[in-house]
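Residue numbers (this note's numbering), protein chains in the order written: chain A, 1 to 131; chain B, 1001 to 1131. Virtual Cβ for every residue (Gly too), placed ideally from N, Cα, C. Reviewing the structure listed below.
There are 2 protein chains.
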Amino acid sequence: MRITNQREIILEELKRLKTHPTADELYEVVKKRLPRISIATVYRNLERLSEAGIIHKLEYGGRQKRFDGDVRPHSHVFCIRCGRISDVDTVDGLDVREMVLDSKGFQIKEGSLQFQGVCPVCQKEKQLNVN
Amino acid sequence: MRITNQREIILEELKRLKTHPTADELYEVVKKRLPRISIATVYRNLERLSEAGIIHKLEYGGRQKRFDGDVRPHSHVFCIRCGRISDVDTVDGLDVREMVLDSKGFQIKEGSLQFQGVCPVCQKEKQLNVN
DNA sequence: TTGTTATTTAATAATAATTATCAAAAAGGA
DNA sequence: TCCTTTTTGATAATTATTATTAAATAACAA
Chain A
1 MRITNQREII LEELKRLKTH PTADELYEVV KKRLPRISIA TVYRNLERLS EAGIIHKLEY
61 GGRQKRFDGD VRPHSHVFCI RCGRISDVDT VDGLDVREMV LDSKGFQIKE GSLQFQGVCP
121 VCQKEKQLNV N
Chain B
1001 MRITNQREII LEELKRLKTH PTADELYEVV KKRLPRISIA TVYRNLERLS EAGIIHKLEY
1061 GGRQKRFDGD VRPHSHVFCI RCGRISDVDT VDGLDVREMV LDSKGFQIKE GSLQFQGVCP
1121 VCQKEKQLNV N
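The following block contains the structure:
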């Protein structure tokens, strides 16, 4: 895979953000450095980079996919209201693959803990609506 | 929520299937019993039923959402090739929420183990492609 | 039962996110 | 330099899902 300017900056900005952005959120950020970049380039490169294992594509709740520049094994929560994703700190030295008794014939590559909940922003919104 | 014939049969068939079907897969099955049902009815009811907590909407890999008639806490694997989902048997008495050290302000509702891998069907296809 | 009202349905249009297409531009060599 | 391959930007196409709406159905009071 060739290291183009677009590719490099997409990766750089994704790694810098800790927000697990969607493709269009990342597009908005990258556009500040490359004003002429196309959204298709962002999609295309996020796909290539995740195929190569350089980044992770996250496909939890919400309609849009999100991306993570941190490929070390770790857990996520996603907000059932807005789809926002955050890292979650869990107990150390956890290899969830050891907890499998029967994988039903699947060849397991990766495993993680996954949580669903309500993010701080949506918690506040809920309170406001009640008043 | 009213118990209409369509709603009842959608739920019945989903509970019967252990394949975590997509909306259109379930539509094909339900159509055998209700030949005049609309795909929109299937989508609408799957949404209503999952809002009510009667079924679960699964949003792992792949572009399509999948549905599960079994709402008891359990783990899933999904196939990174085809998106197929299967239940995974894991060690008993596991409450993954106890493993959280810092939820980053999220109010956690549910947690589960999630695995990614290659399903038996895709494993075979891979072997064939090599020959 | 009949009439009234609210809910649900089927059909289909609309939307939103993503993917495909393709000519032009850029990147690597030979 | 020239040639070949890859990538890009612009935009069309696709796909899954959601919204709309008139008609059908259900619930229930009179």
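Rounded to the nearest whole angstrom, the CA to CA distance from GLU1051 (chain B) to THR4 (chain A) is 45 Å. When only Cα atoms are considered, ASP92 (chain A) and ILE54 (chain A) end up about 24 Å apart. Burial check for ARG84 (chain A): the Cβ neighbour count within 10 Å reaches 16 or more, so the residue is buried. Here the segment 1107 to 1120 of chain B lies against the segment 89 to 105 of chain A, with 3 or more beta-carbon pairs under 8 Å apart. Contacts between PRO120 (chain A) and chain B, judged by CB atoms closer than 9 Å, involve LYS1104, GLY1105, PHE1106, GLN1107 in chain order. Around the beta carbon of SER1103 (chain B), a 10 Å sphere encloses 16 or more other beta carbons of the protein chains shown; the residue is thus reported as buried.
At a beta-carbon threshold of 7 Å, the residues of chain A lying near GLY1061 (chain B) are GLU59, ordered along the chain. Put simply, the CB of VAL71 (chain A) is far from chain B, with every gap to its CB atoms at 7 Å or more.
If you compare the alpha carbons of A:HIS76, A:ILE9, A:ARG63, A:HIS56 with that of THR41 (chain A), the shortest gap goes to A:ILE9.
Residue pairing by DSSP puts ARG1066 (chain B) in a beta bridge opposite B:THR1022, B:LEU1058.
When DSSP states are grouped into helix, strand and coil, SER1075 (chain B) belongs to the strand group.
One thing to note: GLU1013 (chain B) has its Cβ within 7 Å of the Cβ of VAL1029 (chain B). VAL91 (chain A) sits in coil when the DSSP states are folded into three classes, being neither helix nor strand.
Against chain A, the CB of VAL1030 (chain B) has no partner CB under 7 Å away; the residue lies outside that interface. Residue burial is scored here from C-beta neighbours: LEU1026 (chain B) has at least 16 other C-beta atoms within 10 angstroms and is therefore classed as buried. Counting only residues of its own chain and dropping the five nearest sequence neighbours on each side, CYS1082 (chain B) has a CB closer than 6 Å to the CB of CYS1122. Checking the DSSP bridge columns, you'll see GLN1116 (chain B) partnered with A:GLU110, B:PHE1078. ASP68 (chain A) has a beta carbon lying at 7 Å or more from every beta carbon in chain B. In this structure ARG1007 (chain B) touches ASN1045 (chain B) by the C-beta definition: roughly 5 Å separates them, less than 8 Å. Contact residues of the segment 77 to 99 of chain A toward chain B are VAL77, CYS79, ILE80, SER86, ASP87, VAL88, ASP89, THR90, VAL91, LEU94, VAL96, ARG97, MET99 (C-beta to C-beta distance below 8 Å). Within the DSSP secondary-structure output, VAL100 (chain A) pairs in a beta bridge with B:THR1090.
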